[in-house]
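Inspection log for the structure reproduced underneath, given as structure tokens.
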Amino acid sequence: MTAMTPPAAPIPGAGLPAATVYATWRRILREAPLAEAMFDPAIDDRTLGRRFGLDDDGVATVRAYAATPKPTRMFILNYRFRMTGSVQNALETAAPLTMRALKGKGLDLRELAEGFLEADRWQDDGPFVVGYCARILDHLAAHPATEAPAGLRDLIALDRATAGLLMRLADAPPQPAVPAGHVGLTGRAVAVTTAHDLAPWLRNSATLGREDLPARPAAYLVAMPDLAAAPKVSALPPRGALMLAALEEGPLSPAALTRRLGGAGPQDAALLGKLAERGAVVGA
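Per our numbering, the sequence shown starts with residue 274, numbered consecutively.
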């Protein structure tokens, strides 16, 4: 039995349209006001239908589940507990830096999870953790709780870029070969620019979320040279970020890359070598 499966016999809603029973049961699981109202003896059928937009079959379905209060309440509780746990699991798995920072700040993770689930309409992505985590990070990036400490939203953006890279790699076809004598992107890395320097947190995870970060622009490279390994995060010189941006339109010869950058830099060759070592570029 799954969390979306209605409680056992007597079968609630027997004789009612199956689609209505299923849709109404989903609403009961996901809408706390409806789950509370269904057990309130002061709310009659007409009020229930009007308040929650239910037709006669929908009201009858709610009443059928309310007739078995103990298993129904337990099912609702278990479902919501599992779903709030799934939010925390997704962060632990696909955005560990953000998860540690939220804990470091002392935020109520269950409250944050429930807020996200309400906004996300309690969607269940099953095993697709990375895409689920991406939506969680988008929600957290705009949440008032992440306005401080300074740099927390930059950290969320770093984890969000990592999730985006993982999703692209899962769906993207193999990168075309780079022409001889040219430099091109591998598609296995992404550059992230931040308004705050994340280095103090990245060097010492015990400080994540516990202190403000310097308001100093920085850039980072998230790379997956080995698709079987975890993503690697490293500092990225501003010149390196410019190189990657210049290559986004397609492979370039070293001379064309220099022109695109407005002139040669003293460390360009060494920097390209570093980007190649990290799996961001390939070629000359």
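Built from N, CA and C at the ideal position, the CB exists for glycine as well.
Three-way DSSP call (helix, strand, coil) for residue i in this model
i	result
Leu534	coil
Val456	strand
Ala282	Below a pLDDT of 50, predicted positions are generally treated as unreliable, and Ala282, at 38, falls in that range; the measurement from the model is reported next regardless. Ala282: coil per DSSP, three-state reduction.
Ala247	Within the shown structure, residues of the chain are numbered from 274 to 557, placing residue 247 beyond reach of any answer.
Val451	coil
Ser507	strand
Ala514	helix
Gly388	helix
Leu525	strand
Gly358	helix
Ala289	A small fix is needed here, since residue 289 is Leu in this sequence, not Ala. Of the three classes helix, strand and coil, the one that applies to Leu289 here is coil, per DSSP.
Gly399	coil
Ala519	helix
Leu545	helix
Ala462	strand
Leu494	strand
Met274	Reliability fails at Met274, whose pLDDT of 43 lies under 50, so the model's placement of it is uncertain and the value that follows must be treated cautiously. Coil at Met274, not helix or strand.
Gly379	coil
Thr371	helix
Gly404	helix
Beta-carbon separation (whole angstroms), residue i vs residue j, contact threshold 8 Å
i	j	result
Tyr493	Ala508	6 Å
Val555	Thr435	That belief does not hold up - the Cβ atoms of Val555 and Thr435 are roughly 21 Å apart, past 8 Å.
Arg433	Asp398	That belief does not hold up - the Cβ atoms of Arg433 and Asp398 are roughly 16 Å apart, past 8 Å.
Lys378	Gly546	That pair is no contact at about 39 Å.
Gly567	Ala407	For residue 567 there is no data in the structure shown, the boundaries of the chain being 274 and 557.
Ala453	Val402	Incorrect: roughly 40 Å between the Cβ atoms, too far for contact.
Gly523	Arg461	So it is not a contact: roughly 16 Å between Cβ atoms.
Tyr352	Leu302	5 Å
Gly331	Thr297	5 Å
Val456	Leu530	6 Å
Thr419	Ile429	6 Å
Leu413	Thr371	7 Å
Leu321	Val335	6 Å
Nearest residue (CA-CA) to residue i, options the options
i	options	result
Ala491	Ala468, Leu475, Arg476, Asp499	Ala468
Asp444	Ala415, Gly404, Gln361, Leu431	Gly404
Leu548	Glu522, Trp298, Val495	Val495
Ala479	Glu521, Glu365, Ala374	Ala374
Asp427	Pro511, Ala472, Gln540, Asp329	Ala472
Leu544	Val506, Gly513, Leu307, Tyr295	Gly513
Ala450	Pro417, Leu525, Ala501, Ala519	Leu525
Thr341	Asn351, Met311, Arg324, Pro446	Met311
Leu380	Met347, Pro344, Gln540, Ala421	Ala421
Ala464	Ala519, Pro487, Leu500, Thr419	Ala519
Ala308	Ala296, Ala333, Asp318, Ala339	Ala339
Arg300	Leu515, Leu500, Gln396	Gln396
Val506	Pro369, Leu327, Arg533	Pro369
Pro498	Glu550, Thr419, Arg336	Glu550
Gly424	Gln448, Pro400, Ala333, Asp485	Asp485
Ala305	Thr334, Ile316, Arg346, Leu475	Arg346
Glu521	Pro510, Pro511, Ala528, Arg533	Arg533
Ala488	Asp470, Leu500, Arg476	Asp470
Leu475	Gln448, Leu431, Asp313	Leu431
Ala337	Leu442, Asp318, Leu382, Pro510	Asp318
Tyr295	Arg441, Ala333, Pro447	Ala333
Asp328	Pro527, Pro314, Ala292	Ala292
His416	Leu382, Ile316, Pro539	Leu382
Residue i Cβ short of 7 Å to the ligand FMN heavy atom set
i	result
Glu391	You won't find the ligand FMN in this model; it holds no ligand whatsoever.
Exercise. Is the segment 378–394 touching the segment 355–364, taking contact as three or more C-beta pairs under 8 Å?
Worked result: Yes, the segment 378–394 is in contact with the segment 355–364.
Exercise. What are the complete alpha helix (DSSP H) segments, minimum 4 residues, inside the segment 413–444?
Worked result: You should have 425–444.
For this session: Go through the segment 291–345 residue by residue and report every complete run of the alpha helix (DSSP H) that reaches 4 residues or more, in order.
Result: The segment 291–345 contains these whole alpha helix (DSSP H) runs: 291–303, 305–310, 318–325, 329–339.
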